[in-house]
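Worksheet for the structure shown next.
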Amino acid sequence: MTLLWGFLWGVASVATIAGGAILGVWWERKVSARIQMRYGPQQIGPYGSLQMIADVPKLLFKEDIVPDLADKAVFKLAPLFVFGPVATSMVVIPFAAGWAPVDMSVGILFFLAVPSIEVIAILLSAWASHNTLSTIGGLRATAQMISYEIPRSLAVLSVVLLAGSLRPLDVLSAWQWWWAPLTFVGFVIYFIASIAEMNRGPFDIPEADSELVAGYFADYSGMRWASFMMAEYGSMIAASLFGAVVFFGGGWPLSGAAGVVLLVIKTVLIMTAVMWVKWTFPRPRQDQLMSFCWKVLTPLALLQLVIVGAVLPWL
Amino acid sequence: MQGAADHIVLAAFVIIGILFVPLTLTASRLLAPSKPDERKLDTYECGSEPIGPPWVQFRIGYYVYALLFVVFDIETVFLYPWAVAFDHLGLFILVEMVIFIAILAAGLAYAWKEGALRWR
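Protein chains in written order, with this note's numbering: chain A, 5 to 319; chain B, 5 to 124.
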């Protein structure tokens with residue numbers, strides 16, 4: 005019975021990510037088009053909203069190519085572990101007070117740790133492709149993703165400190181409105197580091213199309229390629245949801261169903277900001293990216309932590 | 005984690021998450037054409053012939069960042085139990101943690117000074 009329940013939840017989560025990816029791609033096309041003073045998709049459905057429904061069959065009908073020189077077993081296996089961790093990380097997100105798919109006592113740590121498995125999958129796919137561009141992309145992705153994990157976890161830590169618990173449901177119920185201004189720097193750090201974790205622009209140097217074609221997934225095609233794309237959009241959705249819960253109190257000030265709607269609105273706003281950043285800023289160089297992480301974000305995150313720690317005993 | 009039931013739900017999540025990709029791949033296999041030829045199965049480098057094998061030694065810079073990551077990730081994980089137990093332990097633990105963070109920051113400053121953060 006519980007297993008069935010779990011499978012249902014799993015299907016719901018994967019459907020949320022896949023559907024969210026479809027909607028997200030459409031939304032991103034619209035947002036990017038507006039930023040570039042174009043219209044974006046507008047032919048299929050109202051405001052082009054059915055464009056992605058036309059694109060999914062297109063992807064399904066694409067030929068699946070496995071290059072001759074690639075390490076075939078690893079090449080085929082890697083996309084599974086790109087998408088799996090992202091879908092799994094959704095399990096701990098509390099959507100409303102007392103309501104999360106799995107109520108885990110170390111949920112915050114789980115959410116920060118599990119998507120990191122993606123790094124290994126990306127490195128495997130890059131190495132297995134037997135392609136110079138992929139290899140460079142994979143190495144860049146690894147260096148970037150592991151580095152930005154540090155400021156990201158430190159930023160979330162300041163909220164954990166305020167809540168005194170690693171249980172996402174406890175964080176949500178303990179959340180106070182003044183946490184948002186107090187941890188705002190933390191949120192900005194989390195936001196930047198999350199963009200780097202997703203390998204999205206402007207931090208998309210591992211897949212920079214103008215120099216590395218598509219980086220670590222240059223040799224992937226069809227649905228295998230789509231699983232990388234879905235993982236990217238999935239982690240954008242998951243990171244935005246988590247950010248909305250942890251830094252902006254989920255459905256606060258509403259509760260119940262209205263709270264869930266508000267949470268979705270906050271999530272969409274954060275996602276739109278992620279897209280806005282992508283389509284506005286130029287791509288930095290690899291060394292600029294790494295020194296920004298280690299010389300700016302990490303010290304700032306530590307400072308944020310010390311400030312919260314110093315304020316907390318007097319509250 | 006409250007009990008066995010939650011573990012089962014989690015396991016189901018992992019299974020669905022991993023099975024989703026093979027499922028779509030099967031659908032694609034049924035629908036998509038497959039006419040491989042020599043050119044298609046070639047390594048894709050924008051049409052130019054790949055020069056040399058890509059499986060080579062790479063620059064040390066990446067390795068240095070991996071080492072830095074190991075050090076700082078462990079220290080970050082150390083901070084988590086501290087944050088959770090903060091309420092019970094009071095001011096003393098705060099001072100202790102400020103010292104710990106200062107040591108962390110000193111480590112970062114040292115790595116910075118030694119040029120570990122410089123891209124080579």
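Here a beta-carbon is modelled for each residue, glycine too, at the ideal position from N, C-alpha and C.
Three-way DSSP call (helix, strand, coil) for residue i in this model
i                 : result
Ala100 of chain A : strand
Met5 of chain B   : With a pLDDT of only 46 at Met5 of chain B, under the threshold of 50, the placement of this residue in the model should not be trusted, and no figure is reported.
Glu49 of chain B  : coil
Ala120 of chain B : coil
Tyr224 of chain A : coil
Ser295 of chain A : helix
Trp13 of chain A  : helix
Trp86 of chain B  : helix
Asp107 of chain A : coil
Trp283 of chain A : helix
Trp59 of chain B  : coil
Ser214 of chain A : helix
Asp91 of chain B  : helix
Arg204 of chain A : coil
Asp41 of chain B  : coil
Leu309 of chain A : helix
Ala36 of chain B  : coil
Ala110 of chain B : helix
Pro288 of chain A : coil
Pro89 of chain A  : helix
Asp77 of chain B  : helix
Pro54 of chain B  : coil
Asp75 of chain A  : coil
Leu81 of chain A  : helix
Leu98 of chain B  : helix
Leu7 of chain A   : helix
Leu27 of chain B  : helix
Leu319 of chain A : coil
Beta-carbon proximity check, residue i vs residue j, cutoff 8 Å
i                 : j                 : result
Ser169 of chain A : Ala101 of chain A : no
Ile21 of chain A  : Met108 of chain A : no
Tyr48 of chain B  : Asp223 of chain A : yes
Phe285 of chain A : Pro185 of chain A : no
Ala132 of chain A : Pro210 of chain A : no
Asp68 of chain A  : Ala31 of chain B  : no
Val123 of chain A : Met149 of chain A : yes
Thr271 of chain A : Ser244 of chain A : yes
Gly219 of chain A : Lys66 of chain A  : no
Phe76 of chain B  : Ile154 of chain A : yes
Val13 of chain B  : Thr6 of chain A   : yes
Val68 of chain B  : Ala120 of chain B : yes
Val86 of chain A  : Ile126 of chain A : yes
Gly88 of chain A  : Gly21 of chain B  : yes
Trp256 of chain A : Trp181 of chain A : yes
Leu143 of chain A : Tyr84 of chain B  : no
Val249 of chain A : Ile97 of chain A  : yes
Trp13 of chain A  : Pro119 of chain A : no
Leu113 of chain A : Arg156 of chain A : no
Ala82 of chain A  : Phe24 of chain B  : no
Val160 of chain A : Ala167 of chain A : no
Thr136 of chain A : Ala130 of chain A : no
Ile313 of chain A : Leu158 of chain A : Here residue 313 of chain A is Gly; the residue named in the question, Ile, does not match the sequence. Not in contact: Gly313 of chain A and Leu158 of chain A (Cβ atoms no closer than 8 Å).
Arg287 of chain A : Glu236 of chain A : no
Ile241 of chain A : Gly52 of chain A  : no
Gly247 of chain A : Phe296 of chain A : no
Glu215 of chain A : Tyr152 of chain A : no
Pro35 of chain A  : Trp283 of chain A : Correcting the residue type first, residue 35 of chain A is Val in the shown sequence and not Pro. The answer is yes: Cβ separation under 8 Å.
His134 of chain A : Trp59 of chain B  : yes
Pro172 of chain A : Gly111 of chain A : yes
Val163 of chain A : Phe251 of chain A : yes
Ala15 of chain B  : Gly141 of chain A : no
Pro45 of chain A  : Arg33 of chain A  : yes
Residue-level contact to chain E via CB, residue i, 8 Å cutoff
i                 : result
Ser157 of chain A : Any reference to chain E falls outside this structure, whose protein chains are A and B.
Just list the alpha helix (DSSP H) runs in the region 126-187 of chain A, keeping only unbroken ones of 4 residues or longer that don't cross its boundaries, in chain order.
-> Given a length threshold of 4 residues, each whole run of the alpha helix (DSSP H) inside the region 126-187 of chain A is given here in chain order: 136-167, 172-178, 183-186.
State whether the region 106-124 of chain B contacts the region 186-200 of chain A, with contact taken as three or more CB pairs (one from each stretch) at a distance under 8 Å.
-> no
Go through the region 28-71 of chain A residue by residue and report every complete run of the alpha helix (DSSP H) that reaches 4 residues or more, in order.
-> You should have 55-64.
Are three or more beta carbon pairs between the region 56-65 of chain A and the region 292-310 of chain A nearer than 8 Å?
-> No: fewer than three Cβ pairs fall under 8 Å.
Does the region 77-88 of chain B come close enough to the region 250-262 of chain A to have 3 or more Cβ pairs within less than 8 Å?
-> Short answer: they don't touch.
Every unbroken beta strand (DSSP E) within the region 224-270 of chain A, with a cutoff of 3 residues, ordered by chain | none
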